[in-house]
Amino acid sequence: MRAFRYRLYPTKAQETALLDTLHLTRELYNAALQERRDAYRKAGKSVSVYEQMRSLPEVKAVRPEFKRVHAHVLQGVVTQLDRAFQGFFRRVKQGVTAGYPRFKGQDRWNSFAFKQVWDNSRGTWFGPGKVLDTGRIYLPNIGNVRMKMHRPMEGKPKTLTIKKEGNEWYAVYVCDAPTRPLPDTGSAVGLDLGTTHFLITSDGEFVDNPRFLQSTLKKLRVAQRSLSRKKRGSKRRRKARQHVASIHRKVARQRLDFHHKAARTLVNQHDLIAHEDLNVKGMGQGNLARSIHDVGWGQFLNLLSLKAADAGRRVIGVDPRFTSQRCHACGHTEKANRRSQAMFVCVSCGHEANADHNAAKNVLGRAVPSGLNGRGQPHAVV
Ligand SMILES: [Zn+2]
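Numbering-wise, the sequence shown is residues 1 to 382 according to UniProt numbering.
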């Protein structure tokens, strides 16, 4: 699966219709969530996704404005809520602190999706999302919206998501594109995801957030401080808030771009990439700084998996516990081995290393327990 993202240029009227769709889908999501909550609180029973799907015609009968939204989009909203619940129940089962699915405020709802855009049996578009030769795409009830297709789509489009980012609109097609395997390199690598560095590889390579991203993050902190000083409800405060939001979007764009590049480099160089499994790592730690970092890493690891699958590479998540305390040279595991944040000195064998580099080697060791590091060299495990 590969995603192709294109900028949309709706007219004023089309933008009104797009916003109307966002508004209605958000209302549906919140109502469907309310129904599930109420059913559980009052009767102790759960409402299934199928029941909610079946009641959609009824919704349209009572509230005709919902007829303005394509049936697939409405169904997608109910499915999205169901996924949120599935995730919640899974986390509860795993014993991880789980947040109950939440109501979506206006600023937390910025997309809607068509779940099926290509008819495989006829080999043609169903209709929604159809790319017209006039440089526009067809969106039911919204119109033929101008789209800049800066690169061709590959494979068969499966789904289409329409997204609002700030004042800009995007169409994201997820396509069933053929994979493009890369030739073997004979190399395997382990990653330690850092807080001071973005990541450190078992080869001893340090990858930092790029300078331009760091400088935007600095600007963001300055803007946030300035916002906090503005008087509530004032015009200046509103201005400052918009400023913060626009820097936020810039950070997100730059970070995404950097994640793409970092993942691409790793996938090009290694047949196997091992990383810490974040689900295990965060467990019961309740460390805010850590979990904020995790959000970014989640995106990075997701891109890494997608690119690896496309290139025929392997990505393995390993249990990260004690990877920072274990000596890579002799296997001795003790807290005292970690002399400081950066310094690792084994109390048993005296092995000295950068602490994160040592951890990255342990991560690789867990993914390749055979003792080979991918280059045919045995691990220095005694
Ligand atoms: Zn040692």
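We put the beta carbon where it would ideally sit given N, CA and C, even for glycine.
Straight-line gap, residue i to residue j (C-alpha atoms, nearest Å)
i, j, result
"Gly-123", "Ala-359", "50 Å"
"Arg-232", "Asp-20", "29 Å"
"Glu-51", "His-248", "39 Å"
"His-270", "Ala-240", "45 Å"
"Pro-64", "Leu-56", "11 Å"
"Gly-190", "His-357", "9 Å"
"Ala-336", "His-23", "55 Å"
"Gln-341", "Val-347", "16 Å"
"His-351", "Arg-229", "50 Å"
"Lys-115", "Val-73", "7 Å"
"His-243", "Leu-220", "9 Å"
"Asn-362", "His-328", "6 Å"
"Leu-305", "Trp-297", "Correcting the residue identity first, residue 305 is Ser in this sequence and not Leu. If you take the alpha carbons of Ser-305 and Trp-297, they lie about 12 Å apart."
"Thr-196", "Val-92", "31 Å"
"Ala-32", "Gly-95", "26 Å"
"Arg-225", "Arg-238", "14 Å"
"Gln-106", "Ser-121", "38 Å"
"Val-62", "Phe-89", "32 Å"
"Tyr-2", "Arg-326", "The question names Tyr, but residue 2 is Arg in the sequence shown. Computed Cα separation, rounded: 38 Å."
"Glu-334", "Ala-355", "13 Å"
"Ser-48", "Arg-255", "37 Å"
"Thr-11", "Arg-108", "24 Å"
"residue 386", "Tyr-100", "Nothing about residue 386 can be read from this structure; the chain reaches only from 1 to 382."
"Ala-223", "Ala-245", "10 Å"
"Glu-364", "Arg-211", "Contrary to the premise, residue 364 reads as Leu rather than Glu in this sequence. One C-alpha to the other measures close to 28 Å."
"Met-149", "Gln-86", "35 Å"
"His-332", "Met-343", "16 Å"
Minimum C-alpha distance to residue i - residue among the options
i, options, result
"Tyr-6", "Ala-311, Lys-231, Glu-168 and Glu-352", "Glu-168"
"Asp-119", "Pro-128, Ser-202, Ser-187 and Asp-192", "Pro-128"
"Asn-110", "Val-117, Phe-85 and Thr-161", "Thr-161"
"Ala-263", "Asp-277, Asn-141, Arg-238 and Asn-302", "Asn-302"
"Thr-185", "Gln-325, Ala-31, Ala-311 and Phe-344", "Ala-311"
"Val-368", "Gln-94, Asn-354 and His-275", "His-275"
"Gln-80", "Leu-304, Arg-26, Asp-107 and Thr-179", "Arg-26"
"Asn-30", "Thr-11, Arg-102 and Val-69", "Arg-102"
"Ile-142", "Gly-99, Arg-338 and Gln-14", "Gln-14"
"Gly-194", "Leu-278, Pro-157 and Arg-236", "Leu-278"
"Thr-179", "Lys-307, Gln-325 and Cys-330", "Lys-307"
"Glu-154", "Glu-165, Val-174 and Pro-140", "Val-174"
"Ala-84", "Lys-104, Ser-246 and Arg-253", "Lys-104"
"Arg-321", "Asp-192, Val-59 and His-260", "Asp-192"
"Met-53", "Pro-140, Pro-181 and Asp-82", "Asp-82"
"Leu-28", "Val-207, Gly-76 and Arg-146", "Gly-76"
"Thr-134", "Ala-113, Gln-214 and Arg-146", "Arg-146"
"Val-207", "His-259, Pro-181 and Phe-112", "His-259"
"Thr-159", "Pro-181, Phe-126 and Leu-227", "Phe-126"
Own chain partners of residue i with C-beta closer than 6 Å, once the 5 adjacent residues on each side are dropped
i, result
"Gln-285", "The predicted model places Gln-285 with a pLDDT of 48, which falls under 50 and marks its position as unreliable; any figure quoted below should be read in that light. Nothing meets the Cβ criterion."
"Ile-273", "Val-189, Leu-266 and Val-315"
"Arg-366", "Val-318"
"Val-131", "Ile-137"
"Val-345", "Arg-339 and Glu-352"
"Phe-198", "Val-207, Asp-208 and Asn-209"
"Phe-300", "His-259"
For residue j and residue i, believed in contact at Cβ under 8 Å, the rounded distance
i, j, result
"Ser-46", "Arg-37", "Rounded, the Cβ-Cβ distance is 10 Å, inconsistent with contact."
"Ala-171", "Leu-8", "5 Å"
"Arg-338", "Ser-324", "6 Å"
"Lys-261", "Thr-216", "So it is not a contact: roughly 16 Å between Cβ atoms."
"Pro-157", "His-70", "Incorrect: roughly 16 Å between the Cβ atoms, too far for contact."
8 Å CB neighbourhood of residue i in its chain, flanking five on each side removed
i, result
"Asp-257", "none"
"Ile-200", "Leu-191, Asp-192, Gly-194, Phe-206, Val-207, Asn-354, Asp-356, His-357, Ala-359 and Ala-360"
"residue 392", "It is not possible to answer for residue 392, since the shown part of the chain is limited to 1 through 382."
Residues near residue i by beta carbon distance below 7 Å, same chain, minus five either side
i, result
"Asp-203", "Val-189"
"Arg-236", "Lys-230"
"Cys-330", "Cys-346, Ser-348, Cys-349, His-351 and Val-382"
"Thr-16", "none"
Closer than 6 Å to ligand 1: residues, by C-beta to nearest heavy atom, in chain order:
Cys-327, Ala-329, Cys-330, His-332, Cys-346, Ser-348, Cys-349 and His-351
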